[in-house]
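Numbering (the numbering used here), first residue to last: 672 to 1207.
Glycine included, every Cβ here is placed at the ideal spot set by N, Cα and C.
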Amino acid sequence: MFKKGILSFLLFILVISSFNGIASAETSVQENITKKFYAYDEPSFTSPKSNWGNQFNPQVVTVKEKRSNGWWKIATSQGDKWISLNGEVKAMSKAFYVYNEPSFSSAKANLGVQLNPQNVNVRDGNTDGWLKIATWEGDKWINPNMEEIQVKEKFYVYNEPSFIAQKGNNGNQYNPQFVVVKEQRSDGWWRISTAEGDKWVAPNGIKMSVYTKFTTFDEPYLEAKKSGTFDPQNLIAYDGKKTEQGDFYLVGTYLGQKWMSLNGEKEFNEKREPLRQALGYNENDIGPDKTPQQRIVETRAALKAQGLDDTYEPVRIPTEEEKAEFLRKEAEKQQNPKQGVARAGTVTSSWNIPDDWVQKGDIVITPDSNYGVTGHSGIIGKDFTETQGFSGTNKGEYLLVHAPGTSASPAIKIMPLSKWEFIHKGNQEYSNFVYLRYKKDKGAAFRAADYAYNHFYQNGSKYRYDIFGTSAKSNDYKTYCSKLVYLSFRDGAGVDLFPVSNFYIVHPYDFLRPMPIALGLRPYFYGKGGMWWSFS
């Protein structure tokens, strides 16, 4: 019984050995090779060569294994190696170029014309994937795993097959050119050879399915000009950028290629929600896509519902002649206090600026799709009485303190109000303005203005524009437009316009809500491109 089991086991081993086509040491044979030959580490022409890449001279070799595809395993002084004396047949399933040398920069053979699909006899190769084949012109080279393809447009390359991966070529585009494609994936990514090594490119874009509504922008940040809002759909993405606000993708739309960020927009909405709940509204419901009349009607309706005054009073920037006359009279008052007001001589002329003129501490809001989902806001940090000694374009101007956006350096800047007011003059879609004034205490408004100028603007180089980094309640070195305005009043004047225990992002439109208006902030007038309306 025991002997019968041993015989069965030996028979099993013999069957397995025969099945794998592996010859045992006892079946090794001697073969006389009459020509020079290469030996390879593996049975592949792209495997590393033994003998330091040199050919062996003709000799008798010990063959340990012979395969049906022509490969022999032989014994050498460097161990077992593989040879193929007569080459290997390889089927080429599509048209292909042949080259004089194993390089895509080498001249093409066959008069530069592709060969039709066919079986070829492979005679040698190298570890870069090149194979030497027999042709009617003699031995030539092919690379079946790589292809030279012309890219007809400028293109970026990426370190990984992802649009948000780091770009190669120092972030610059390559000009149109032929590229060596080592791999083509079904999702549209190509692995190509470059001077920096292998990189990834998607010249035809990548399919991208979006299952939620999304906003598109002209640039890859949330404050960029908003171009549209879209329903869920399948898109083609052409580029990407990883930012602190989220992962932005350049996608094709009927408006052309635009930027979108699903995770950036999602985080913005999540961090906006607490204050939306407290204020009882969503800023997207009042603009920037609605007309001035629609926005004003909705804002007034909200004020009425809270029993608040819903009238608007006109105000304006004085002319240069009016400014000069005002300053002349103020100078006379200072010289003869008996002709002036009781405060003359102890308080600056800012106190005496007429109510229907812009004043320092006024908040300026641009409900404007030029500023994407965020809108834009600023605060008047200096009035014209305080800038008479300034130089250049700021002399004699109202100066607005604001955080312009992600690309601004420094993060906090000043600009003449007249430039802000008329920057979109003639553009009927984007030049809508709202000014608000803290009416309870002019001194508090002035302190907020001074804080904006002295604390924020004067230290502007220390700040970084960042919507998501910290809460709007944190007076740190991360800021944005409406956070700057909010903190100027809270920390500069002791006026918290949003006394809510928990919120993260404050939006410019929040200043129009009943809560801050009930606390003394008044929508003082509404303007558009230098044309002003009174809604009283």
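Does DSSP put Arg654 in a helix, a strand or coil? Outside the modelled stretch of the chain, which goes from 672 to 1207, sits residue 654, for which no answer is possible.
With DSSP run on the structure shown, which of helix, strand or coil describes Lys1149? Sequence index remark: in the sequence shown, residue 1149 carries index 478 (1-based). Lys1149: strand per DSSP, three-state reduction.
Do you know offhand how far Val784's Cα is from Tyr768's? Within the sequence shown, numbered from 1, the residue matching residue 784 stands at position 113. Within the sequence shown, numbered from 1, the residue matching residue 768 stands at position 97. Their backbone Cα atoms lie some 7 Å apart in a straight line.
Could you have a look at Leu1192 and say whether DSSP puts it in helix, strand or coil? Start at 1 with the first residue of the sequence shown, and residue 1192 comes out as number 521. Here Leu1192 sits in strand by DSSP.
In the structure shown, what three-state DSSP assignment does Leu1088 receive? One-based indexing of the sequence shown puts residue 1088 at position 417. Leu1088 falls in the helix class under three-state DSSP.
Tell me the rounded alpha-carbon separation between Lys896 and Glu890. What you label residue 896 is simply residue 225 of the sequence shown in a count that begins at 1. What you label residue 890 is simply residue 219 of the sequence shown in a count that begins at 1. Computed Cα separation, rounded: 7 Å.
So, at 7 Å on beta carbons, what are the nonlocal neighbours of Leu1192 in its own chain, with the 5 sequence-adjacent residues on each side left out? As a position in the sequence shown, residue 1192 is number 521, starting the count at 1. Only Leu1107, Tyr1109, Leu1168, Phe1182 meet the Cβ criterion.
Kindly indicate the opening and closing residues of the alpha helix (DSSP H) around Glu736. Locating residue 736 in the sequence shown gives position 65, where the first residue counts as 1. From DSSP, Glu736 is part of no alpha helix (DSSP H) but of the beta strand (DSSP E) over 730 to 737.
Nearest to Glu668 by CA position, among Gln701, Gln1059, His1178, is which residue? As displayed, the chain neither begins before 672 nor continues past 1207, which places residue 668 out of reach and without an answer.
Using 8 Å as the cut-off, classify the Cβ of Tyr845 as near or not near the heavy atoms of the ligand ATP, replying yes or no. Absent from the structure shown: the ligand ATP. Ligands present: none.
Measuring CB to CB, does Gly1049 end up less than 9 Å from Val1156? The residue labelled residue 1049 in the question sits at position 378 within the sequence shown. The residue labelled residue 1156 in the question sits at position 485 within the sequence shown. Yes; because the gap between Cβ atoms is below 9 Å, this pair is in contact.
Around the Cβ of Ser1153, are there at least 16 other Cβ atoms within 10 angstroms (buried) or fewer (exposed)? As a first step, residue 1153 must be located in the sequence shown, where it is residue number 482. So Ser1153 counts as buried.
Is Val1166 helix, strand or coil by DSSP? As a position in the sequence shown, residue 1166 is number 495, starting the count at 1. Correct three-state label for Val1166: coil.
With Gly899 as the anchor, note down where its beta strand (DSSP E) starts and where it stops. Start at 1 with the first residue of the sequence shown, and residue 899 comes out as number 228. That run of the beta strand (DSSP E) goes 897 to 901.
Where Tyr1128 sits in the DSSP three-state scheme: Counting from 1 along the sequence shown, the entry for residue 1128 is found at position 457. Three-state DSSP puts Tyr1128 in a helix.
Are there 16 or more other CB atoms within 10 angstroms of the CB of Gly1163, so buried, or fewer, so exposed? Locating residue 1163 in the sequence shown gives position 492, counting from the first residue. Gly1163 should be labelled buried.
Curious, which full-length beta strand (DSSP E) runs of at least 3 residues does the stretch 757 to 823 contain? 759 to 763, 789 to 796, 802 to 806, 809 to 813, 818 to 822
Measuring CA to CA, which of Asn816, Val822, Thr883 is closest to Lys853? Here residue 853 refers to the residue found at position 182 when the sequence shown is read from its first residue. When each option's Cα is compared against that of Lys853, the closest is Asn816.
Considering only their Cβ atoms, is the gap separating Pro945 from Val1171 smaller than 9 Å? Mapped onto the sequence shown, residue 1171 falls at position 500. Mapped onto the sequence shown, residue 945 falls at position 274. In contact: Val1171 and Pro945 (Cβ atoms closer than 9 Å).
Looking only at its own chain, which residues have a Cβ that is under 8 Å from the Cβ of Gly935, when we skip the five neighbours before and after it? Counting from one through the sequence shown, the residue named residue 935 turns up at place 264. Once the five neighbours on either side are set aside, the close Cβ partners of Gly935 are Leu893, Thr914, Gln916, Gly917, Asp918, Phe919.
Looking only at its chain, what residues have a beta carbon closer than 6 Å to the beta carbon of Asp751, apart from the 5 residues adjacent to it on each side? Along the sequence shown, read from residue 1 onward, the residue named residue 751 stands at position 80. Closer than 6 Å at Cβ, skipping near neighbours: Lys744.
Residue interval of the alpha helix (DSSP H) (run including Arg1118): Residue numbering aside, residue 1118 sits at position 447 when the sequence shown is read from its first letter. Its alpha helix (DSSP H) spans residues 1113 to 1122.
Could you have a look at Gly1016 and say whether DSSP puts it in helix, strand or coil? Translated into the one-based positions of the sequence shown, residue 1016 becomes position 345. Low per-residue confidence applies at Gly1016: pLDDT is 39, beneath 50, and the placement is therefore not dependable enough to give any value.
Own chain partners of Ser699 with C-beta closer than 6 Å, once the 5 adjacent residues on each side are dropped: Within the sequence shown, residue 699 is the residue found at index 28, counting from 1. Excluding residues within five positions, the ones whose Cβ falls inside 6 Å are Thr733, Lys735.
In terms of residues, what are the limits of the alpha helix (DSSP H) holding Glu702? Here the question's residue 702 lines up with position 31 in the sequence shown. That residue, Glu702, is in no alpha helix (DSSP H); its beta strand (DSSP E) goes 700 to 704.
Same chain, Cβ closer than 6 Å to Glu867, neighbours up to 5 away in sequence not counted: Counted from its first residue, the sequence shown places residue 867 at position 196. The residues are Gly839.
At what residues does the beta strand (DSSP E) containing Gln658 begin and finish? Nothing can be reported for residue 658: it is not among the residues displayed for the chain, which extend from 672 to 1207.
Beta bridge counterpart(s) of Ala746 as assigned by DSSP: For this step, residue 746 is matched to residue 75 along the sequence shown. Answer is Asp751.
Where Glu854 sits in the DSSP three-state scheme: For the purposes of this step, residue 854 is taken as the residue at position 183 of the sequence shown. Strand.
On the three-state DSSP scale, how would you describe Gly978? On the sequence shown, position 307 is the one that residue 978 refers to. Gly978: coil per DSSP, three-state reduction.
Assigned secondary structure, Trp1022 (DSSP; H/G/I helix, E/B strand, else coil): Walking along the sequence shown from the start, residue 1022 turns up at place 351. It is helical.
Suppose the cutoff is 7 Å on Cβ atoms and the five residues either side in sequence are ignored; what does the same chain contact list for Ser864 look like? The sequence position of residue 864 within the sequence shown is 193, counting from 1. Answer for Ser864: Val851, Lys853, listed in chain order.
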